[in-house]
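Position in the sequence shown (first residue = 1) + 19 = the numbering used here. Note that CB positions come from ideal geometry on N, CA and C, so glycine has one too. What you are looking at is a predicted structure, and each value in this text was computed from that prediction instead of being measured. To start, the structure under review is shown below, and the notes come after it.
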Amino acid sequence: MNQPSNWQKKLVEITPKGLNKVFFADNGSTAVDIALKMSFQYYKNKGLTKPYFVSLENSYHGESIAALSISDMGLYKDVYDEILIKSLKTSSPKDQSEEESKRALIELEILLKERAHEISAVIVEPLVQCAGSMSMYSPSYLVGLRKLCTQYDVLFIADEIAVGFGRTGKLFACEHANVSPDLMLLSKGLTGGYLPLSVVMIPDFIYDEFYSDYSNYKRAFLHSNSYTGNALCCSAALGTIEYLESNDIINNNQEKIKFINEELQKFKTLKNVKEIRQTGMIAAVELQGYKSEDRIGLEVYKYGLDNGVLLRPLAHIIYFMPPYVISKKEIKKMMDVAYEAIKRLP
Ligand SMILES: Cc1ncc(COP(=O)(O)O)c(C=O)c1O
Numbered sequence: 020m021n022q023p024s025n026w027q028k029k030l031v032e033i034t035p036k037g038l039n040k041v042f043f044a045d046n047g048s049t050a051v052d053i054a055l056k057m058s059f060q061y062y063k064n065k066g067l068t069k070p071y072f073v074s075l076e077n078s079y080h081g082e083s084i085a086a087l088s089i090s091d092m093g094l095y096k097d098v099y100d101e102i103l104i105k106s107l108k109t110s111s112p113k114d115q116s117e118e119e120s121k122r123a124l125i126e127l128e129i130l131l132k133e134r135a136h137e138i139s140a141v142i143v144e145p146l147v148q149c150a151g152s153m154s155m156y157s158p159s160y161l162v163g164l165r166k167l168c169t170q171y172d173v174l175f176i177a178d179e180i181a182v183g184f185g186r187t188g189k190l191f192a193c194e195h196a197n198v199s200p201d202l203m204l205l206s207k208g209l210t211g212g213y214l215p216l217s218v219v220m221i222p223d224f225i226y227d228e229f230y231s232d233y234s235n236y237k238r239a240f241l242h243s244n245s246y247t248g249n250a251l252c253c254s255a256a257l258g259t260i261e262y263l264e265s266n267d268i269i270n271n272n273q274e275k276i277k278f279i280n281e282e283l284q285k286f287k288t289l290k291n292v293k294e295i296r297q298t299g300m301i302a303a304v305e306l307q308g309y310k311s312e313d314r315i316g317l318e319v320y321k322y323g324l325d326n327g328v329l330l331r332p333l334a335h336i337i338y339f340m341p342p343y344v345i346s347k348k349e350i351k352k353m354m355d356v357a358y359e360a361i362k363r364l365p
């Protein structure tokens, strides 16, 4: 963490203001674990014990014990109930409206007012809860969350593992709200999805709380994994960032985002479609009128395969998260095949 390499400097340069230091890991769940440990120890080093973390209902942050604990996915976590760490849930905004954003913030504030003294951090997936049915919410929630975390002295962790690197239309989802979180987690798109790497970005004020001379070594953040900051993966990350920049990928995606939006509208005409939603390069079509045992997503998946499109529905949510190399012609094909698949459903 002491000697910034070129690509660390690059990460500092492109991420939201103030995130000046980089801690390496090798997968998303480990980055989540690191962020939780770091938040807890940050307060511990200041003489405060705050053993709880707050996360949103319907959230997914990975599958290590700590990441599962703060996630809200019964299917993956219920069996481990007795060994999970302390976590509190607050409701997520249920849609992209300002009303929902306000309602969820009021609920969070009630919790923080009562318990902030024992809460180290609030962790969210900014704008899109991907594994949670591609549920989307307004940037205003992040603005309010930033204010509340500062006001109640609780750290704000932005888990941009899925939404970072252009997925929401801007390089980072937090940019839509113009906020800097206290800890930001990146993986997946960091290496273009090709090699395992993750990072935890933090500001100086957190770093300084751990930094000390040797006599005070217990203040240090002790966390290491064999493949932490693997050189090959770091090169892939640097290459990915350089490619994104030199080919102006985020700007070029704007036209594709617009085209996806136009194509998405036709799904509204189908009786079995409850809602369409989109945030940048993520679009979702929510079906209605089916029971979970119908495994309706499987039918859509099979139709897609037979017609040259790999769709991977989340139960009754048919979603699109295409690679940025996709052409307009391929977007059209992807949406047309999904449309036909949904239209043919019983
Ligand atoms: C938002 C989010 N956080 C954390 C993770 C966990 O990352 P990994 O699968 O690399 O452990 C994921 C994985 O899908 C994710 O979507």
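Item, Value
"Cα-Cα separation between ALA44 and ASP178, rounded to whole angstroms", "14 Å"
"Cβ-based burial, HIS224 [other Cβ within 10 Å; buried from 16]", "Note that residue 224 corresponds to Phe in the displayed sequence, not to His. By the neighbour-count rule (16 or more Cβ atoms within 10 Å), PHE224 is not buried but exposed."
"First and last residue of the uninterrupted beta strand (DSSP E) at ILE445", "With the chain covering 20 to 365 only, the question about residue 445 has no answer from this structure."
"Beta strand (DSSP E) segment containing TYR71, residue limits", "71 to 75"
"Those residues which DSSP pairs with VAL219 across a bridge", "PHE42, LEU204"
"Within the region 284 to 357, ranges of the beta strand (DSSP E) (whole runs, at least 3 residues)", "292 to 298, 301 to 306, 336 to 339"
"Cβ neighbours of VAL51 in the same chain (closer than 6 Å, five flanking residues each side left out)", "HIS80, GLY81, ALA86"
"Bridge partner(s) assigned by DSSP for MET148", "The residue you asked about is not Met; residue 148 is Gln in the sequence shown. Note: GLN148 sits in a beta bridge opposite SER154."
"Nearest-residue set for ligand 1, Cβ under 6 Å from any heavy atom", "ASN46, GLY47, SER48, VAL51, TYR79, HIS80, GLY81, GLU144, CYS149, ALA150, ASP178, ILE180, ALA181, SER206"
"Beta-carbon proximity of ASN249 to LEU216, cut-off 8 Å", "yes"
"Boundaries of the alpha helix (DSSP H) in which ILE260 is found, first to last residue", "250 to 265"
"Stretch pair the region 160 to 174 + the region 141 to 151: three plus CB contacts closer than 8 Å", "yes"
"First and last residue of the uninterrupted beta strand (DSSP E) at PHE175", "174 to 178"
"Start-to-end residues for the beta strand (DSSP E) that takes in LYS108", "106 to 109"
"Simplified DSSP assignment, three categories, for SER120", "helix"
"Beta-bridge pairing of ALA140 - partner residues as DSSP gives them", "PHE72, LEU174"
"Cβ-based burial, ASN21 [other Cβ within 10 Å; buried from 16]", "For ASN21, the pLDDT reaches just 44, beneath the cut-off of 50, and the residue's location in the model is therefore unreliable, although a value from the coordinates is still provided. Result: exposed."
"Rounded straight-line distance, which links the Cα of ILE337 to that of ASN291", "12 Å"
"For HIS80, three-class secondary structure by DSSP", "coil"
"Integer Cβ distance of ILE176 from SER88, believed to fall under 8 Å", "ILE176 to SER88, Cβ: 14 Å. No contact."
"Alpha helix (DSSP H) segment containing GLN27, residue limits", "25 to 33"
"Contact set for GLU126: own chain, Cβ-Cβ below 6 Å, skip 5 residues either direction", "THR109, SER110"
"Whole-number beta carbon distance between PRO35 and GLU194, since they are thought to touch under 8 Å", "7 Å"
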